[in-house]
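Below is one structure; the comments refer to it alone.
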Amino acid sequence: MQFSESLDFDHDDRKRIYEYVERHGEVGAEEARERLRVDPGGFRHHVAILKRDGYLEERDGRLRAAFDAGATEEYEVEGFEFAIRPARQEDLSGIVGAIRRVAEERTYIVAESVADEIDHDEALLRHNELESRMFFVATVGDGETQAGSDRPVGGPGDDVVGWVHLHAPELDKLAHTAELTVGVLDEYQGHGVGSHLLARGLEWAGANGYEKVYQSVPSTNEDAIAFLEGHDWETEAVREDHYKIDGDYVDEVMMAVEL
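So the mapping is simple: our numbering equals the position in the sequence shown, first residue as 1, plus 1172.
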């Protein structure tokens, strides 16, 4: 299922099944059937149609919304290997941990609010009549370190070390825009992980019909501002004294890029 596709169900029960699964991230098929009170034969038929039409997928008897976000891409930079792939429901805790570490170290307030939101939400990825939310993650292997260095080495694995997140409200007047956050743990920076994450996120946004991507950061986060400017983002506005951090008023820098 592409995020650019409108949700179109030709049966009320199929809509109810999709909405229940999408809202919970991943659920057992039998649990969903019982909660929705759909007869077994009808439930199996509706799930089969939803799977055929690309709305749902099933793994080991558990249902989740199906998102077509591309394949895993693997990279090697000066002996350091990492992968960038679409996030999965089981990445939720790893993403929350990575965002909170980056937000704490770099004062990334919007990202911190994203971590709070998904930590209290049952679903990581969302696509419904009100909003769309997509994540890509950068992952590495077992985190071994190279002799004489504190830099991790090892091949791509399942440990989340960075993310790019896009969120878009399903409103006609804002349907062409999406908000983005991106970050990489400090010990994994310097290998182009952030640049590849940003490129993957913007590629996905363009393919799904978004024309403008934006984000806001405190003016004290000079590294983030320089990173975005280095990738052709521009400052659209500055809101003076918008944040109060450790007792000090800090400007908000509102940045964007046209796709």
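By construction, the Cβ of each residue, glycine as well, lies at the ideal position given by its N, Cα and C atoms. Owing to the predicted nature of the structure, the values given are computational and were not obtained by experimental measurement.
Cβ separation of residue i and residue j, assumed to be a contact under 8 Å, to the nearest whole Å
{"i": "residue 1374", "j": "residue 1431", "result": "6 Å"}
{"i": "residue 1197", "j": "residue 1294", "result": "5 Å"}
{"i": "residue 1256", "j": "residue 1369", "result": "6 Å"}
{"i": "residue 1240", "j": "residue 1306", "result": "Actually they do not touch by this definition, with Cβ atoms about 11 Å apart."}
{"i": "residue 1247", "j": "residue 1393", "result": "Contact flag wrong, Cβ pair sits at about 25 Å."}
{"i": "residue 1385", "j": "residue 1377", "result": "5 Å"}
{"i": "residue 1185", "j": "residue 1214", "result": "7 Å"}
Residue i burial status per 10 Å Cβ neighbour count (16 or more: buried)
{"i": "residue 1390", "result": "buried"}
{"i": "residue 1324", "result": "Note that residue 1324 scores a pLDDT of 45, beneath 50, so its modelled location is shaky; the value from the coordinates is reported in the next line. Buried, since its Cβ has 16 or more Cβ neighbours within 10 Å."}
{"i": "residue 1398", "result": "exposed"}
{"i": "residue 1417", "result": "exposed"}
{"i": "residue 1318", "result": "Any answer about residue 1318 is weak, because its pLDDT of 40 lies below 50 and its placement is not dependable; what the coordinates show is given next. Exposed, since its Cβ has fewer than 16 Cβ neighbours within 10 Å."}
{"i": "residue 1337", "result": "buried"}
{"i": "residue 1178", "result": "exposed"}
{"i": "residue 1298", "result": "buried"}
{"i": "residue 1372", "result": "buried"}
{"i": "residue 1199", "result": "buried"}
{"i": "residue 1216", "result": "exposed"}
{"i": "residue 1292", "result": "exposed"}
{"i": "residue 1316", "result": "No answer about residue 1316 holds up, because its pLDDT of 44 lies below 50 and its placement is not dependable."}
{"i": "residue 1410", "result": "exposed"}
{"i": "residue 1404", "result": "exposed"}
{"i": "residue 1249", "result": "exposed"}
{"i": "residue 1183", "result": "exposed"}
{"i": "residue 1320", "result": "Here the model assigns residue 1320 a pLDDT of 39, short of 50, so the residue's position is not dependable, and the following value carries that caveat. Residue 1320 should be labelled exposed."}
Beta-carbon proximity check, residue i vs residue j, cutoff 8 Å
{"i": "residue 1334", "j": "residue 1365", "result": "yes"}
{"i": "residue 1422", "j": "residue 1407", "result": "no"}
{"i": "residue 1351", "j": "residue 1304", "result": "no"}
{"i": "residue 1235", "j": "residue 1204", "result": "yes"}
{"i": "residue 1278", "j": "residue 1428", "result": "no"}
{"i": "residue 1226", "j": "residue 1243", "result": "no"}
{"i": "residue 1181", "j": "residue 1192", "result": "no"}
{"i": "residue 1387", "j": "residue 1274", "result": "no"}
{"i": "residue 1263", "j": "residue 1228", "result": "no"}
{"i": "residue 1208", "j": "residue 1188", "result": "yes"}
Residue of the options minimising C-alpha distance to residue i
{"i": "residue 1301", "options": "1280, 1251, 1263, 1195", "result": "1195"}
{"i": "residue 1381", "options": "1188, 1340, 1228, 1229", "result": "1340"}
{"i": "residue 1231", "options": "1217, 1211, 1261, 1250", "result": "1261"}
{"i": "residue 1251", "options": "1363, 1413, 1206, 1371", "result": "1363"}
{"i": "residue 1175", "options": "1199, 1330, 1347", "result": "1347"}
{"i": "residue 1349", "options": "1292, 1383, 1413", "result": "1383"}
{"i": "residue 1400", "options": "1367, 1415, 1210, 1361", "result": "1367"}
{"i": "residue 1253", "options": "1361, 1290, 1201, 1413", "result": "1361"}
Distance cut-off 7 Å: residue i Cβ against heavy atoms of the ligand ATP
{"i": "residue 1283", "result": "Absent from the structure shown: the ligand ATP. Ligands present: none."}
>> If contact is defined by three or more beta carbon pairs under 8 Å, each pair taking one atom from either stretch, is the region 1354–1371 in contact with the region 1307–1314?
In response: yes
>> Does the contact criterion of 3 or more C-beta pairs under 8 Å hold for the region 1266–1273 versus the region 1286–1302?
In response: yes
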